Amino acid sequence: MIRRDVVEGLRLNSLGFELEAELFASLAGMGHPPTWVRIPYRARKGQAKLTSILDGVRILRKLLVRRVVAARKTHL
Numbered sequence: 148m149i150r151r152d153v154v155e156g157l158r159l160n161s162l163g164f165e166l167e168a169e170l171f172a173s174l175a176g177m178g179h180p181p182t183w184v185r186i187p188y189r190a191r192k193g194q195a196k197l198t199s200i201l202d203g204v205r206i207l208r209k210l211l212v213r214r215v216v217a218a219r220k221t222h223l
């Protein structure tokens with residue numbers, strides 16, 4: 148659960164699996180670290196949607212670009 152005022156303060160621009168990483172990074176940067184909630188898990192039927200190498204590279208790239216942009220803003 149995320150409070151409405153926090154959600155309204157988010158500026159997200161990712162699509163696909165990068166969105167989750169950007170969401171966590173944004174919330175942590177705003178001082179709202181994640182709290183883990185246990186849920187029942189059931190194995191997926193069929194094939195995974197995440198292609199580990201390619202999607203992992205996209206997620207890493209998104210987080211690195213985000214870090215560089217934030218660093219540039221603090222040095223202006």
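Last residue of the sequence shown: number 223 in the numbering used here, and the count goes up by one each step with no gaps. Cβ atoms here follow ideal geometry from the backbone N, Cα and C, with glycine treated the same way. Values in this document were obtained by computation on a predicted structure and should not be read as measured data.
Asked, Found
"Rounding to the nearest angstrom, what Cα-Cα distance links L159 and R214 in this structure?", "14 angstroms"
"Would you mind stating whether I206 and A168 have Cβ atoms separated by less than 7 angstroms?", "yes"
"Identify which residue in K192, G203, Q194, M148 has its Cα closest to the Cα of T182.", "M148"
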